[in-house]
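S.K.:
Protein chains: 4
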Amino acid sequence: MAMKVAVIGAQGRMGHAISAGIESTDGLELVARLDAGDDITAESLNGAEVAVEFTRPDATLGNVLACIDAGVHCVVGTTGWTDESLAQVKERLAGTPGTGVIIAPNYALSAVLAMAFAARAAAYFESAEVIELHHPNKVDAPSGTAMTTAKHIAQARRDAGMGAMPDATETDPHGARGADIDGVRVHAVRLRGLTAHEEIVFGNPGEQLTIRTDSFDRASFYPGVLLAIREVANRPGLTYGLDRIMDL
Amino acid sequence: MAMKVAVIGAQGRMGHAISAGIESTDGLELVARLDAGDDITAESLNGAEVAVEFTRPDATLGNVLACIDAGVHCVVGTTGWTDESLAQVKERLAGTPGTGVIIAPNYALSAVLAMAFAARAAAYFESAEVIELHHPNKVDAPSGTAMTTAKHIAQARRDAGMGAMPDATETDPHGARGADIDGVRVHAVRLRGLTAHEEIVFGNPGEQLTIRTDSFDRASFYPGVLLAIREVANRPGLTYGLDRIMDL
Amino acid sequence: MAMKVAVIGAQGRMGHAISAGIESTDGLELVARLDAGDDITAESLNGAEVAVEFTRPDATLGNVLACIDAGVHCVVGTTGWTDESLAQVKERLAGTPGTGVIIAPNYALSAVLAMAFAARAAAYFESAEVIELHHPNKVDAPSGTAMTTAKHIAQARRDAGMGAMPDATETDPHGARGADIDGVRVHAVRLRGLTAHEEIVFGNPGEQLTIRTDSFDRASFYPGVLLAIREVANRPGLTYGLDRIMDL
Amino acid sequence: MAMKVAVIGAQGRMGHAISAGIESTDGLELVARLDAGDDITAESLNGAEVAVEFTRPDATLGNVLACIDAGVHCVVGTTGWTDESLAQVKERLAGTPGTGVIIAPNYALSAVLAMAFAARAAAYFESAEVIELHHPNKVDAPSGTAMTTAKHIAQARRDAGMGAMPDATETDPHGARGADIDGVRVHAVRLRGLTAHEEIVFGNPGEQLTIRTDSFDRASFYPGVLLAIREVANRPGLTYGLDRIMDL
Chain A
75 MAMKVAVIGA QGRMGHAISA GIESTDGLEL VARLDAGDDI TAESLNGAEV
125 AVEFTRPDAT LGNVLACIDA GVHCVVGTTG WTDESLAQVK ERLAGTPGTG
175 VIIAPNYALS AVLAMAFAAR AAAYFESAEV IELHHPNKVD APSGTAMTTA
225 KHIAQARRDA GMGAMPDATE TDPHGARGAD IDGVRVHAVR LRGLTAHEEI
275 VFGNPGEQLT IRTDSFDRAS FYPGVLLAIR EVANRPGLTY GLDRIMDL
Chain B
75 MAMKVAVIGA QGRMGHAISA GIESTDGLEL VARLDAGDDI TAESLNGAEV
125 AVEFTRPDAT LGNVLACIDA GVHCVVGTTG WTDESLAQVK ERLAGTPGTG
175 VIIAPNYALS AVLAMAFAAR AAAYFESAEV IELHHPNKVD APSGTAMTTA
225 KHIAQARRDA GMGAMPDATE TDPHGARGAD IDGVRVHAVR LRGLTAHEEI
275 VFGNPGEQLT IRTDSFDRAS FYPGVLLAIR EVANRPGLTY GLDRIMDL
Chain C
75 MAMKVAVIGA QGRMGHAISA GIESTDGLEL VARLDAGDDI TAESLNGAEV
125 AVEFTRPDAT LGNVLACIDA GVHCVVGTTG WTDESLAQVK ERLAGTPGTG
175 VIIAPNYALS AVLAMAFAAR AAAYFESAEV IELHHPNKVD APSGTAMTTA
225 KHIAQARRDA GMGAMPDATE TDPHGARGAD IDGVRVHAVR LRGLTAHEEI
275 VFGNPGEQLT IRTDSFDRAS FYPGVLLAIR EVANRPGLTY GLDRIMDL
Chain D
75 MAMKVAVIGA QGRMGHAISA GIESTDGLEL VARLDAGDDI TAESLNGAEV
125 AVEFTRPDAT LGNVLACIDA GVHCVVGTTG WTDESLAQVK ERLAGTPGTG
175 VIIAPNYALS AVLAMAFAAR AAAYFESAEV IELHHPNKVD APSGTAMTTA
225 KHIAQARRDA GMGAMPDATE TDPHGARGAD IDGVRVHAVR LRGLTAHEEI
275 VFGNPGEQLT IRTDSFDRAS FYPGVLLAIR EVANRPGLTY GLDRIMDL
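Chains as they are written, first to last, in my numbering: chain A, 75 to 322; chain B, 75 to 322; chain C, 75 to 322; chain D, 75 to 322.
(1) Determine, using beta-carbon pairs with one atom in the stretch 165 to 178 of chain A and one in the stretch 302 to 319 of chain A, whether at least three such pairs fall under 8 Å.
(2) So, is the C-beta of S184/C closer than 8 Å to a C-beta in chain D?
(3) Taking C-beta to C-beta, are T152/D and L300/D nearer than 8 Å?
(4) Measure the alpha-carbon distance for D321/C versus V186/A and round it to whole angstroms.
(5) Only counting runs of 4 or more residues, tell me where the alpha helix (DSSP H) segments fall wholly within the stretch 80 to 148 of chain A, in order along the chain.
(6) Are the stretch 98 to 114 of chain D and the stretch 288 to 296 of chain C touching, with three or more C-beta to C-beta distances below 8 Å?
(7) Going along the stretch 281 to 295 of chain C in order, which residues come within less than 7 Å of chain B, judged by CB to CB distance?
(8) Output, in chain order, the set of chain D residues within a Cβ distance shorter than 7 Å of A197/A.
(9) Would you say D321/C lies against chain D (beta-carbon separation less than 8 Å)?
(10) Just to confirm my understanding: we take E158/C, look at its own chain, exclude 5 residues before and 5 after, and list those with CB closer than 8 Å. What are they?
(11) DSSP three-state call for D317/D: helix, strand or coil?
(12) Between the C-alpha atoms of L108/C and A80/C, what's the straight-line distance to the nearest angstrom?
(13) Compare the Cα-Cα distances from S118/C to each of T134/C, C141/C and D132/C and report the closest residue.
(14) Take V213/D as the anchor and find which of L268/A, T170/A, E123/A and E244/A has the nearest alpha-carbon.
(15) Please list the segments of the beta strand (DSSP E) lying wholly inside the stretch 156 to 205 of chain B, counting only runs of 3 or more residues, in order along the chain.
(16) What does G267/C reach in chain A if we use C-beta pairs closer than 7 Å?
(17) Counting only the same chain and skipping the five closest in sequence on each side, list residues whose C-beta sits under 7 Å from that of W155/C.
(18) Report, in whole angstroms, the separation of the C-beta atoms of A224/B and D256/B, which I expect to be a contact under 8 Å.
(19) Once DSSP output is grouped into helix, strand and coil, what is the label at T287/B?
(20) Can you find a CB in chain D that lies within less than 8 Å of the CB of T243/A?
(21) So, for A192/C: in the same chain, excluding its five sequence neighbours on each side, which residues have a beta-carbon less than 7 Å away from its beta-carbon?
(22) Looking at the strands, I want to know which residues DSSP matches up with F276/A.
(23) Provide the residue(s) that pair with R261/C in DSSP beta bridges, ordered along the chain.
(24) Need the endpoints of the beta strand (DSSP E) that A253/B sits in, please.
(25) Would you call G111/C buried or exposed, if buried means 16 or more other Cβ atoms sit within 10 Å of its Cβ?
(26) Between the C-alpha atoms of V126/D and C148/D, what's the straight-line distance to the nearest angstrom?
(27) How many whole angstroms separate the CB atoms of A253/A and V260/A, which I take to be in contact at a CB cut-off of 8 Å?
(28) Establish whether the CB of R231/A and some CB of chain D are separated by less than 8 Å.
(29) Nearest by alpha-carbon distance to A195/D: which of A250/D, N137/D and N278/D is it?
(30) How big is the Cα-Cα spacing for V263/A and M189/A?
(31) Starting from the Cα of Y198/B, find the closest Cα among V258/A, A182/A, A202/A and S201/A and give me that residue.
(32) Counting contacts by CB-CB distance shorter than 8 Å, is A228/D in contact with chain C?
(33) Are the C-beta atoms of F191/D and some chain C residue less than 8 Å apart?
(34) Return the CA-CA distance between E123/B and E103/B, expressed in angstroms with no decimal places.
(35) L316/C versus chain D: which residues are under 8 Å apart at the beta carbon?
(36) Exposed or buried, E165/A, counting other C-beta atoms within 10 Å across all chains shown (16 or more means buried)?
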C-alpha cells in the first residue's frame with residue numbers, strides 16, 4: 075500500500091518539483107497540495123502520513139507545529155531555522171511521542187555527503203581549502219554551504235589539536251588567497267553556465283584528496299527528500315540534518 | 075620520552091623513506107635498521123616498541139611472527155597476505171595478549187579515505203564508476219586499488235538492495251565502456267608524468283559527487299605509517315586496513 | 075537595423091531554442107519559422123538574410139539548396155552530411171557568388187575549442203587519452219565527438235612523426251584500458267545526472283595538460299549559432315566546421 | 075651527427091637537470107658545462123652550436139651577449155628580462171645575422187599551451203576565472219603565471235569589444251571572490267603536496283571550458299628546452315616566448 079504524502083508549499087518552485095517527483099514514485103501517493111492561505115489541519119492534510127514542507131522562513135514554524143498537532147510526520151526544507159524555533163519544535167514533539175520531524179538545510183545527497191566526508195577527512199591532512207563555484211546571479215560570497223564546510227573543517231582540526239595550516243604567503247596585494255573562515259581559505263568562483271558546485275581539497279606531503287559536489291539542477295534535491303520521507307516515521311522526535319539519517 | 079622504532083626492510087625504497095621520516099619526526103627514535111639476512115630478535119630489534127615492516131611477500135610472515143615472539147608491536151606494509159597467513163598471525167598473537175599488529179594494503183591516507191568514502195556513498199546514487207590513472211610503466215590494468223574500490227561499491231549496492239545501474243549502451247564496438255567489475259565500470263588511463271591517481275564518480279538526477287585521490291610520490295605513505303606507529307600499541311591483536319584505526 | 079533571420083525546423087527541439095534565442099538577441103529579428111511541409115522560397119523566407127537550418131538528415135540538403143537558390147545565407151546544424159552532399163552544396167554555391175553556407179557538426183563553443191586545442195597540443199606530449207562522460211540513456215559508445223577528437227590527435231602525432239604512446243600494460247583481462255581509436259585510448263563513462271562532457275588529458279615527464287568541455291544543456295549551442303549567423307555573410311562559399319570562423 | 079650543446083649555469087638546479095637531460099637525449103652532445111666565474115668565449119663554449127642559459131637575473135644579459143659574440147645560438151630560461159635588456163640583445167643580434175636567441179619565461183609545454191589556449195578562448199565566453207594552486211612554501215600570491223594569464227584574457231576581451239563579466243555579488247565580507255586582475259578574478263590555493271598548477275575556467279549559458287596545467291616536478295621543463303634547442307638555429311634574431319616556436 076502506498077504511503078500517503080502531503081506537500082505544503084506545492085506551488086513554490088521546490089514544492090512543485092517535489093510534487094511531481096512524488097507522483098512518479100512507486101509506493102508514494104500525493105494526497106494533498108497546500109499553500110499559503112490554506113489551514114494545515116488533519117482534514118486538509120487528507121490522511122497524509124508524511125507532510126513535506128518547503129515554504130518560507132516566516133511560515134515554516136507554524137506549519138510544522140500544525141503538522142505535529144495533526145500527528146503527521148514532517149520533512150522540512152525551508153531555511154531560516156534558529157535555536158529558538160528548533161526548541162519550539164522539540165517542545166511540541168515532546169507532547170506527541172511517535173511523531174517525527176526532519177529539518178535539513180540541504181537535501182542534495184552529494185552536497186550532504188561532501189560536507190560529512192570533508193569533516194571526517196580534515197584531521198588527517200596538513201592543508202585544506204574550499205572552492206565554491208556558482209552562477210553569476212548569486213548575490214553573496216562565499217556560499218553558506220562553503221562557510222559551513224570551512225567551519226566543520228576548522229572544528230575537526232581543533233578537536234584533533236592541530237595548529238594553523240602551512241602558508242608562507244608574504245605578499246598578496248590583490249587578495250588572491252580568498253576568504254579566511256576560521257583559518258580555512260574559501261574561494262568563490264562566479265561563472266555563467268554553472269549552477270552550484272563545491273570542491274574541497276586536502277593536502278599532505280606527496281598526496282591530495284579532492285571531494286567535489288556538483289548540483290546541476292533542482293532535481294538534485296529529490297532523492298534526499300525521498301530518503302527523508304521514507305525514514306521520518308522511524309525517527310520520532312526532531313532530527314536536524316540529512317546526514318543523521320544516512321548510514322555514514 | 076621518544077617512542078623507539080625499528081625498521082625491517084630499511085634498505086628497500088619504502089623502508090629507506092620511512093627510516094628518514096622517523097628520524098625527522100619529533101617523539102620517535104629509530105633504534106634499529108634490519109634487512110634480509112638479519113635475524114629478527116629482541117636483541118636485534120634493540121629495544122624497539124614498534125617495528126615497521128616493508129619487505130617482500132615471501133619474507134613478511136616470518137618477520138611478523140618473529141616480532142610477535144619478541145613482544146614488539148608491528149606495522150606492516152608488505153603486500154601478498156592471504157587468509158592463511160593472516161590466520162597464522164592471529165594465532166600467534168593469541169599467545170601474547172597486548173601485542174598489536176596492523177597490516178594494511180595501502181598507507182596513503184587520501185587513498186584509504188577515498189575508498190572508505192566511496193563505499194559509504196555508494197548506496198545513495200544511481201550510478202557509480204571508477205577511473206584510475208597511472209604512469210605508463212604499470213604492467214597491469216586496472217589497478218588493484220581500483221578493483222577493490224569497485225568491489226566495495228558493488229557490495230554496498232547489493233547490501234542496499236539496489237539493482238543494476240542505468241546504461242542504455244547498445245553499441246560499443248571498441249570497448250570504450252571499460253572493465254565490468256561486479257557491475258561497476260572501471261577505466262584505466264596510462265599517462266607519462268602521472269604517478270597513482272583514482273577518481274570515483276557518482277551520479278543522481280541533477281547531481282554528481284566526485285572523490286579523487288592523487289599520490290604524487292612515495293612521501294604520501296608516511297603520514298599513514300606514522301598514524302599506525304602511534305596507534306598500534308592501543309590496538310592489541312590483528313587490525314587489517316588503515317581505515318579501522320581512523321575516526322571515520 | 076536588425077539582421078533578419080529565418081529558422082528552418084522551428085518546431086524541433088533545437089529550432090525552438092534557437093528561435094527563442096534570436097527573439098531575445100539585440101540586433102536580430104526573427105522573420106520566419108518554417109518546418110517540414112513548408113516550401114523554402116524567397117517568399118516563405120520573408121526577407122531573411124540568413125536562414126538557420128536544424129532539421130533532419132534526409133531534409134537538410136534540399137533545404138540548403140533552396141536557401142542558396144533564394145540567395146539567403148545558411149547556418150546548418152543538421153548532421154548526416156557526406157562528401158557527396160557537401161559537393162552538391164559547393165556546386166550550387168558556385169552559381170551564386172556572394173552567398174555563404176556554414177555547416178558544422180557541433181555549435182557548442184567549448185566543445186569546438188576543446189577539439190581544436192587538443193589537435194594542436196597533440197604533437198607536444200608523449201601521452202594523450204580521451205575520457206567522454208554522458209547521461210546513461212546514450213545508446214552508443216564512445217561518442218562521435220570523442221572518436222573525432224581521438225582521430226585528430228592521432229593525425230597530429232603522425233604528422234609530427236611520433237610513434238606509439240608509452241604503455242607497458244601486459245595484463246588487462248577486463249578491458250579497463252578502453253577503446254583503441256587509431257592508437258589513442260578512449261574511455262566512455264555513463265552517469266545519471268550528466269549531459270555531455272569530454273576530458274582530454276596529455277602527459278609528459280613531470281607535467282600534465284587537461285582540456286575539458288562540459289555541456290550542461292541545449293543552451294550551450296546558441297552562442298556558436300549566433301557567431302555563425304553574424305559571420306556567414308562574410309564567408310561566401312561553403313565553410314565546414316565552426317573552428318574555421320573562429321580566431322584560433 | 076650530434077648537435078653540440080653547452081650549458082651555462084650547469085651547477086644550478088635547473089642547469090643540472092638540463093645537463094642530465096642532454097646527456098641522455100639521442101642526437102645531442104654536451105660539450106661544455108659553465109658556471110659563475112667561467113668566461114663565456116668561443117673557446118670555453120668548446121664548439122657548441124647552441125648554449126642553454128639558466129643562471130641568475132644579474133648574470134644572464136652578459137652571458138647572452140657573450141654567446142652572440144661567439145656566434146653561438148642561445149636558449150635562455152633565466153627570468154628578470156626587461157624591455158631594456160631585451161633591446162640590448164636585439165641590437166647585438168643585428169650585428170651577427172644568422173644567430174638566434176630564444177628567451178622564454180616558462181619552458182613547461184603544458185603551461186605555455188594553457189596560456190596560449192586561454193588567450194584564444196577568452197573572446198568566446200561571458201565568464202572567465204583563474205585558479206592557481208601551489209605548494210605552501212610560495213611567498214607571493216597570485217603566481218606570476220596566473221597574473222599573466224589573467225592579463226592575456228583581459229586583453230583578448232578588450233580586443234573583442236567585450237564588457238565586464240556578469241557578477242551580481244553584493245556582499246563578500248571576507249574577500250572570497252579573490253584578486254581582481256584587469257577585471258579577471260584570480261584565486262590562489264596553497265596546499266601541502268602540490269607543486270605548480272593552474273586551472274582556467276570559462277563559462278557560457280549551458281557550457282563550461284576548462285584548461286588545466288599541472289607541473290609535478292622540474293622534469294616538466296625539459297621537453298620545452300629540448301624543443302628550443304632544436305629550433306633556435308632556424309630562428310635568427312630574438313624570439314620571446316616558447317609559444318612563438320610552437321605550431322599553434
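The C-beta atom is built at its ideal place from N, Cα and C for all residues, glycine as well. Fair warning: this is a prediction, and the values are worked out from it, not measured in the lab.
M.R.: This is what the structure gives:
(1) Result yes; three or more Cβ-Cβ pairs closer than 8 Å.
(2) Yes, S184/C lies at the interface with chain D (some Cβ there is under 8 Å from its Cβ).
(3) The criterion of a C-beta distance shorter than 8 Å is not satisfied by T152/D and L300/D.
(4) So the alpha carbons of these two residues sit roughly 43 Å apart.
(5) Counting whole runs of 4 or more residues, the stretch 80 to 148 of chain A contains the alpha helix (DSSP H) stretches 87 to 97, 116 to 119 and 131 to 143.
(6) At 8 Å Cβ cutoff, the stretches do not touch.
(7) Against chain B - using a Cβ distance shorter than 7 Å - the residues of the stretch 281 to 295 of chain C are E281 and Q282.
(8) What A197/A touches in chain D: nothing, since even the nearest Cβ is about 14 Å away.
(9) Yes, D321/C lies at the interface with chain D (some Cβ there is under 8 Å from its Cβ).
(10) For E158/C, there are no CB contacts under 8 Å within the same chain when 5 residues up- and downstream are skipped.
(11) Helix, per DSSP.
(12) Their Cα atoms are separated by approximately 8 Å.
(13) Nearest to S118/C by alpha-carbon distance, out of T134/C, C141/C and D132/C, is C141/C.
(14) Ranking L268/A, T170/A, E123/A and E244/A by Cα distance to V213/D puts E244/A first.
(15) Taking only runs of at least 3 residues, the beta strand (DSSP E) segments lying wholly in the stretch 156 to 205 of chain B are 174 to 177.
(16) Correct list: F290.
(17) Taking W155/C as the centre and dropping the five residues before and after it, the same chain places the C-beta of I177 closer than 7 Å to its C-beta, in chain order.
(18) D256/B and A224/B do touch by the CB rule: their CB atoms are close to 6 Å apart, below 8 Å.
(19) In the three-state DSSP reduction, T287/B falls in the strand class (E or B).
(20) Yes, its Cβ sits closer than 8 Å to a Cβ of chain D.
(21) Contacts found: T223, H226, I227, I274 and I285.
(22) Answer is A202/A and L283/A, bridged to F276/A.
(23) The displayed chain sequence assigns His, not Arg, to residue 261/C. For H261/C, DSSP records a beta bridge to I205/C.
(24) Per DSSP, A253/B belongs to the beta strand (DSSP E) from A253 to I255.
(25) The residue in question, G111/C, is exposed, as its Cβ has fewer than 16 Cβ neighbours within 10 Å.
(26) In a straight line, the C-alpha of V126/D is about 6 Å away from that of C148/D.
(27) About 4 Å separates the CB atoms of A253/A and V260/A; that is less than 8 Å, so the two are in contact.
(28) For R231/A, no CB of chain D lies under 8 Å from its own CB, so it is not counted at the interface with that chain.
(29) With distances taken between Cα atoms, A195/D lies closest to N278/D.
(30) V263/A and M189/A: Cα-Cα distance of roughly 19 Å.
(31) Of V258/A, A182/A, A202/A and S201/A, the residue nearest in Cα terms is A182/A.
(32) So, not an interface residue.
(33) Yes, F191/D lies at the interface with chain C (some Cβ there is under 8 Å from its Cβ).
(34) The alpha-carbon atoms of E123/B and E103/B are separated by roughly 10 Å.
(35) What L316/C touches in chain D: nothing, since even the nearest Cβ is about 10 Å away.
(36) Exposed, because fewer than 16 other Cβ atoms sit within 10 Å of the Cβ of E165/A.
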